[in-house]
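Keeping their order, the protein sequence lines are chains H and S.
Taking numbering that gives the first Met the number 0, I'd label the letters of the first sequence as residues 0 to 326.
Taking numbering that gives the first Met the number 0, I'd label the letters of the second sequence as residues 0 to 261.
What follows is a set of notes on a single structure, which appears directly below.
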Amino acid sequence: MKDVIVFVEHTGGRPRRVSLEIATKARELASALGGSVHAVALGKGANEIAAQLKAYPIDKIHVSEDADVDAYLIDPQVDYLEAVAKAAGPALILVPNTMVGRDVGSRVAVRLGAGMTADVVDFSIGDGRVGCVSPKLGGLTITTCAFTSDHGVAAVRPNSFKAVQAAGAGEIVQLAKPSGAAYRMKIEDEVVEAAGELGVEEASVVVSGGRGLGGPEPFKTIVKDLADALGGAVGASRAAVDAGWIPHSHQVGQTGKTISPSLYIAVGISGAIQHKVGMRTAGTIVAINKDASVPIGEFADLLVVGDLFQIVPELTKALKESAAAHS
Amino acid sequence: MKIVVTVKLVPDTNADKRIDPGTKRLVRTGVETVINPFDEYALEAALQLKDKLGAETTVTVVTMAPESGKEIVRKALAMGADGAVLVSDEGCAGSDVLGTAYALAAAIKKTGFDLVVTGTQSTDAITGELPGALAEFLGVPGLTYLRKVEVDGSTVKAERETDTGYLKVSVPLPALVSVTKSIAEPRYPSLKGIMGAKKKTIAPLGLADLALDRPIGSAGAKAELVALTDPPARSKGKVVEVADGAEGARVILEFLREKKLV
């Protein structure tokens, strides 16, 4: 395997940051393997996305604005990525560890007879072989997997690498429509409940609320305000989700999402094992709780013991003042 | 309609597990094996469809597990599944996602299906890649991350979660769907269900029964484990008791500045 292929997810006319993180890392991997970096951008606005991708170290940017990509779920993207992978020959295929990325990656892997691995937070290279490093069992152990197949698919966890601009050759290649494609998963409608909101999987800062919030309201007010002030996303513990205070898509933990933001702020969350496994790989963990003996105190970098209803709004205010003073 | 639910057996989610520093493997002593919690949502979704569609709909659980997993699978039968298929073979050991999906697809095809329901991921491996791979091997659409699923004649109508809301998607049967926790809280087995489960069939299948054309297990794995290491230690940090909101905010802000996070 020499080349590295990056599947680019984009939204609102911009590549998702995780795709830029992956593109940056792909350059390093391709250089070590002696190959090129390809990016694949599909759907409405793909040409505009390709233009933005030129700022990153990519050799070839494959695009298609095929309307099927936005009319049907997953399958058209699988067809295009498969075509690029087959044309490139043995290659490492990197997808974001997101709902779409894992789906596209796993289906392409089957078509290529390729090994696949997910939740990758780092890579190693030795003897021309790529090792994919992923935490398993909720971060209890770290595994390194290597592929024995010609192609390999790795789903890379957001926030694992830094996106760094450095223009590459950036040659834009228009992809031909796959022949005989007949798609069945029709997207009838998209319902946006929280416009412009960042998902917890991708955000570099996550502010999560738990049982200590006492109801749904603080998620929309103090927690949301703090997340906004930090440019982050709102997360939640299982207790808060089970109580119906916030949708499941926000849940961090064993039966929710496993994330590695650079900063995780846990508000009114005890940090039982169920929650811990979803966030223990965060860069820095800050907890706010009225109880000094909560389990999260055992692994948080900072536990502030006090009234969250007082501390959180004050922190938001202080952050805003600090931002204003620096602008 | 024939519904198949895939189930994985995993170490108990709520147990505080540890890794043996010598073998780097999970210490299984004192850790129960349970049905993957995500798969319980899948089973619940399937049982609700059966409740709506009537008695002609069957729910069959398909799992790949050692023979010893049989009694754990019985919980699914107690919840209301009609039967189970246990793919159990020494040759399965060490399977990667590709191999597991390939063997499960063969078992599901042999069982017969109109709809396959899976969880979104397992709590031990957490790849989230099995549903897509399974759909591909089955040659059917794979409609994943559903928070709502209905069957209307020969069409699945569903809502797929997104980061900002959901997509309304429809697809003709046969199909595979994966469901999230939003679908419904799994039911508890009733006493009647538990008694009834004892009479239900758990059919064993070996790899020879599946007529696979390539090896699975560690012999066929395309992603192989080359190293197991310990995660970076996460130790107890600072604990600061504060008198009021302003002091709490000041302590946190100073800490974030120190870490260059703001």
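Ideal Cβ positions, reconstructed from N, Cα and C, are used throughout, including at glycine.
Bear in mind the structure is a predicted one, so any value in this text is a computation, not a measurement.
Partner residues in the beta bridge of M63/S, as assigned by DSSP, are V86/S. Assigned with DSSP and collapsed to three states, G130/H falls in strand.
With a contact defined as Cβ atoms closer than 8 Å, A70/H and K161/H miss out at about 35 Å. The alpha helix (DSSP H) runs of length 4 or more contained entirely in the stretch 164 to 189 of chain S do not exist; there are none.
In the three-state scheme derived from DSSP, where H, G and I count as helix and E and B as strand, I73/H is classed as coil. Contact of F37/S with chain H is assigned, a C-beta pair being separated by under 9 Å. Within chain S, no C-beta atom comes less than 7 Å from the C-beta of M0/H; the nearest is roughly 12 Å away.
In the same chain as L97/S, and ignoring 5 residues on each side of it, the C-beta atoms closer than 6 Å to its own belong to K221, in chain order. Taking C-beta atoms as the reference points, I124/H and S133/H fail to come closer than 9 Å. Your pair V206/H and V233/H checks out as a contact, with CB atoms roughly 6 Å apart and the cut at 8 Å. Counting only runs of 4 or more residues that sit fully inside the stretch 216 to 283 of chain H, the alpha helix (DSSP H) segments are 216 to 219, 221 to 228, 237 to 241 and 272 to 278, in chain order. Taking 9 Å as the cut-off, the beta carbon of G141/S is found closer than this to the beta carbon of V176/S. By a beta-carbon distance limit of 8 Å, G252/H contacts S236/H. Their separation comes to about 6 Å.
Proximity of R17/S to chain H, defined by a Cβ-Cβ separation below 9 Å, is satisfied. The DSSP-derived three-state label of I251/S is helix.
Counting C-beta pairs closer than 8 Å gives fewer than three between the stretch 112 to 124 of chain H and the stretch 175 to 191 of chain H, which falls short of the contact rule. G138/H is positioned such that its CB atom lies closer than 9 Å to that of T280/H. V148/S is positioned such that its CB atom lies no closer than 9 Å to that of V61/S. Chain S places a beta carbon closer than 9 Å to that of E313/H, counting this residue as a contact. Taking C-beta atoms as the reference points, A100/S and E135/S count as a pair closer than 9 Å.
A322/H sits in a helix when the DSSP states are folded into three classes. A distance below 6 Å between beta-carbons, with the five flanking residues on each side excluded, links S159/H to the following residues of its chain, in chain order: V120. Taking C-beta separations shorter than 8 Å and ignoring five residues to either side along the sequence, the partners of S261/H in its chain run N158, S203, V204, A281, G282 and T283, following chain order. Between K108/S and chain H, the shortest Cβ-Cβ separation is not below 9 Å. Within the stretch 102 to 117 of chain H, contact with chain S at the beta-carbon level (separation under 9 Å) is assigned to D102, V103, G104, S105, R106, V107, A108, V109, R110, G112, A113, G114, M115, T116 and A117. Put simply, of E216/H, I60/H and L93/H the residue whose alpha carbon is nearest the alpha carbon of F308/H is E216/H. Residue-level contact check: F254/S touches chain H, since one or more beta carbons of chain H fall below 9 Å from its beta carbon. Excluding the 5 residues flanking it on each side, T200/S has same chain C-beta neighbours closer than 8 Å at G82 and A83, in chain order. Counting every other CB atom within 10 Å of its CB across the protein chains shown gives H9/H a total of 16 or more, marking it as buried. A distance below 6 Å between beta-carbons, with the five flanking residues on each side excluded, links V77/H to the following residues of its chain, in chain order: V103, R106 and V107. By the Cβ test, the stretch 42 to 55 of chain S is not in contact with the stretch 292 to 300 of chain H, since fewer than three Cβ pairs between them sit closer than 8 Å. Contact of R279/H with chain S by beta-carbon distance below 7 Å involves R233. Neighbours of Y165/S across chain H, judged by C-beta separation under 7 Å: V190. Setting aside the 5 residues that flank it on each side, D300/H is surrounded in the same chain by T283, I284 and V285, each with a C-beta closer than 7 Å to its C-beta; the list follows chain order. One finds K235, G236 and V238 in chain S with Cβ atoms closer than 9 Å to the Cβ of G296/H, taken in chain order. DSSP places L142/S within a strand segment (E or B) once states are collapsed to three.
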